[in-house]
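2 protein chains.
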Amino acid sequence: MDKTARKVLIADDEPDIREILQYNLSAEGYEVFTAKDGDEALEKAKRIQPDLIVLDVMMPKKSGVEVCQWLRAQATFKDTIILLLTALNDDGSIIKGLETGADDYIGKPVSPKVLVTRIQALFRRLRKPKAGVLTLDTISIDPEQFLVQVAGKPISLAKKEFELLYLLAHRPGRVFLRNEILNQVWGNEVIVGDRTIDVHIRKIRQKMGVDCITTVKGVGYKFEQ
Amino acid sequence: MDKTARKVLIADDEPDIREILQYNLSAEGYEVFTAKDGDEALEKAKRIQPDLIVLDVMMPKKSGVEVCQWLRAQATFKDTIILLLTALNDDGSIIKGLETGADDYIGKPVSPKVLVTRIQALFRRLRKPKAGVLTLDTISIDPEQFLVQVAGKPISLAKKEFELLYLLAHRPGRVFLRNEILNQVWGNEVIVGDRTIDVHIRKIRQKMGVDCITTVKGVGYKFEQ
DNA sequence: GCCTAGAGTTAATAATAACTTAATATTTCA
DNA sequence: TGAAATATTAAGTTATTATTAACTCTAGGC
Chain Z
1 MDKTARKVLI ADDEPDIREI LQYNLSAEGY EVFTAKDGDE ALEKAKRIQP
51 DLIVLDVMMP KKSGVEVCQW LRAQATFKDT IILLLTALND DGSIIKGLET
101 GADDYIGKPV SPKVLVTRIQ ALFRRLRKPK AGVLTLDTIS IDPEQFLVQV
151 AGKPISLAKK EFELLYLLAH RPGRVFLRNE ILNQVWGNEV IVGDRTIDVH
201 IRKIRQKMGV DCITTVKGVG YKFEQ
Chain C
226 MDKTARKVLI ADDEPDIREI LQYNLSAEGY EVFTAKDGDE ALEKAKRIQP
276 DLIVLDVMMP KKSGVEVCQW LRAQATFKDT IILLLTALND DGSIIKGLET
326 GADDYIGKPV SPKVLVTRIQ ALFRRLRKPK AGVLTLDTIS IDPEQFLVQV
376 AGKPISLAKK EFELLYLLAH RPGRVFLRNE ILNQVWGNEV IVGDRTIDVH
426 IRKIRQKMGV DCITTVKGVG YKFEQ
């Protein structure tokens, strides 16, 4: 099992459902735990600290909603993803479920495939993805390949130029102060003159051909189409 | 209007649905925009930079899924919440929709109340601390982007002008004495003539086009719609 | 090890935008 | 109405950035 595998806890009183979900989620590489009632769900949640918890609403001992409320009251589970699963599909139940702090509310019957997809969508959103390719209209910046393309045409940037461009482009619109730029690209210890940034900015502008870096005089620079 | 108002864009070809959603979301304090087809949705998304976008899957020009894919490929929209809305409720459509990067997928018909609740659940999870953005009616002031918008149109202010506007706008209605303004914007040591403030105020008024700074003769200035 | 090309930096100068001032006009309120 | 305060305008001054070229440094080829 992958060491970085995400832990999922499934709490449902029906053994069939536990098994089907366990099978499908394991197949996707998740480390799966199960519980058969509300108390067991709480106990295992505390011990395992899962990344995501699927709670059936109708369970013995404690309902899924109660478990959800209890978990959300704890600081430890503030960032845990909670998904409610239920046969109660009326508006009132849905609203109540989501208002207790659940991240999603799915009505039964649900196909395992759909459930897995929804779980993956939740993970995609709630766990920060690593730095990847940036696309901004006709400009693409790939830090893996160290490659910049403008309208499909590859541009060759030097290391510092690339790092500076990536810094600005990964938050388009946001202004970066000269100090921030120095810290991020050059590091805190290194001391370079103020003109150094200007010269790099100029080279980037020159090589890219398009005007995508805006000067905010007295403040810094920002990436902008 | 609430200062922390979040912007929601609704794209659906049915006027009834647009209207119902707009009504219900506005009632919850969101700032709502609408689009009637895929192309308009893209255009408005780029211009408005909403926090959340509701996309009908079946739309003229471009489908909701196409719009979603296009948006997700852009760095600018990587943190925008996207919610697909559709009559297609089969597993395949749901999986496909979520896999294009949507954050939620809701089948029609859906009660407006449920939709609003789901949207609030999404915001609860995905809210990013939009540090310091001031939104006052049609004016937004973003210190991170160093950007002022009036009715969606960006206005370019110089550093001192921006700082002065931000100072006044962060406490609308409150009068700032000329001394306070000098201390806050220029600092205690710097000594400048009295007319300097006037000239900056004038430039702001001129550039913004709308009359949002009121003179209180003998006292100072205040921000006011 | 020496040479070379390109990266990175610096420094000098030019260009530009921001800021301030001062002179004049206008408004406001006793 | 008239004095005080603010608005407006244009011109002057300063601060910041752009540009250019020369210089240093480093990695890789020979």
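Same order as they appear, the protein sequences are chains Z and C. In case it helps, our numbering puts the first sequence at residues 1 to 225. In case it helps, our numbering puts the second sequence at residues 226 to 450. Note that beta-carbon positions come from the ideal geometry of N, C-alpha and C, so glycine has one too.
Contact between Ile364 (chain C) and Tyr391 (chain C) does not hold, since their C-beta atoms are separated by about 11 Å, which reaches or exceeds 8 Å.
Identification of chain Z residues near Ser336 (chain C) by a Cβ-Cβ cut-off of 8 Å yields Asp91, ordered along the chain.
Residue-level contact check: Ile155 (chain Z) does not touch chain C, since none of the beta carbons of chain C fall below 8 Å from its beta carbon. Non-local C-beta neighbours of Val148 (chain Z) in its own chain, meaning closer than 6 Å and more than five positions away in sequence, comprise Ile141, Ile155 and Leu157, ordered along the chain. Chain C places a beta carbon closer than 8 Å to that of Ile94 (chain Z), counting this residue as a contact. Lys378 (chain C) is bridged by DSSP to C:Val375.
Under the three-pair Cβ rule at 8 Å, the region 295 to 314 of chain C counts as touching the region 277 to 287 of chain C. Residues of chain Z with a Cβ closer than 8 Å to the Cβ of Lys384 (chain C) are, in chain order, Val216, Lys217, Gly218 and Val219.
In this structure the region 399 to 418 of chain C touches the region 438 to 447 of chain C; the number of beta carbon pairs closer than 8 Å is three or more. By the rule that beta-carbons nearer than 8 Å mark a contact, Arg350 (chain C) touches chain Z. Within the region 173 to 206 of chain Z, the residues whose Cβ lies closer than 8 Å to any Cβ of chain C are, in chain order, Gly173, Arg174 and Val175. For Val279 (chain C), the uninterrupted beta strand (DSSP E) run begins and ends at Leu277 to Asp281, by DSSP. Residue environment: Arg195 (chain Z) is assigned as exposed (fewer than 16 neighbouring CB atoms within 10 Å of its CB, all protein chains considered). Below 8 Å, too few C-beta pairs join the region 62 to 79 of chain Z and the region 22 to 34 of chain Z to call them touching: fewer than three. Lys222 (chain Z) has a beta carbon lying within less than 8 Å of a beta carbon in chain C. Using a Cβ-Cβ cut-off of 8 Å, Arg72 (chain Z) does not count as an interface residue toward chain C, since no Cβ of chain C sits closer than that to its own.
Secondary-structure assignment with DSSP links Tyr30 (chain Z) through no beta bridge to anything. In the DSSP annotation of this structure, Lys232 (chain C) is not part of any alpha helix (DSSP H); the continuous beta strand (DSSP E) holding it starts and ends at Lys232 to Ala236. Leaving aside the five residues that flank Leu393 (chain C) on each side, the residues in its chain whose CB is nearer than 7 Å to its CB run, in chain order, Phe401, Ile438, Tyr446, Lys447 and Phe448. Along the region 132 to 147 of chain Z, the positions whose C-beta sits under 8 Å from a C-beta of chain C are Leu134, Thr135, Leu136 and Asp137, read in chain order. Between Ala102 (chain Z) and Ser63 (chain Z), the alpha-carbon positions lie close to 13 Å from each other. Distance between Pro60 (chain Z) and Leu323 (chain C), taken at the CA atoms: about 32 Å. Taking Thr100 (chain Z) as the centre and dropping the five residues before and after it, the same chain places the C-beta of Val65, Cys68 and Gln69 closer than 6 Å to its C-beta, in chain order.
Taking the C-beta atoms as reference points, Lys385 (chain C) is found nearer than 8 Å to His425 (chain C). The Cβ of Leu323 (chain C) sits closer than 8 Å to at least one Cβ of chain Z. Among the residues facing chain Z, Asp264 (chain C) is not included, as its CB has no counterpart in that chain under 8 Å away. With fewer than 16 other Cβ atoms from the protein chains shown falling within 10 Å of its own Cβ, Asp315 (chain C) counts as exposed. One thing to note: Pro275 (chain C) has its Cβ within 8 Å of the Cβ of Val233 (chain C).
Its Cα nearest to that of Arg231 (chain C), the residue C:Leu250 stands out among C:Ile242, C:Leu250 and C:Asp238. Contact check for Glu163 (chain Z) against Val185 (chain Z) passes: the beta carbons are separated by less than 8 Å.
Across the set C:Ala270, C:Leu359, C:Ile319 and C:Asp241, the C-alpha of C:Leu359 shows the shortest separation from the C-alpha of Pro397 (chain C).
Of the residues assessed, Arg427 (chain C) falls on the exposed side of the cut-off, its CB having fewer than 16 other CB atoms within 10 angstroms.
The closest CA to that of Tyr248 (chain C), considering only C:Lys338, C:Pro334 and C:Asp262, is found on C:Lys338.
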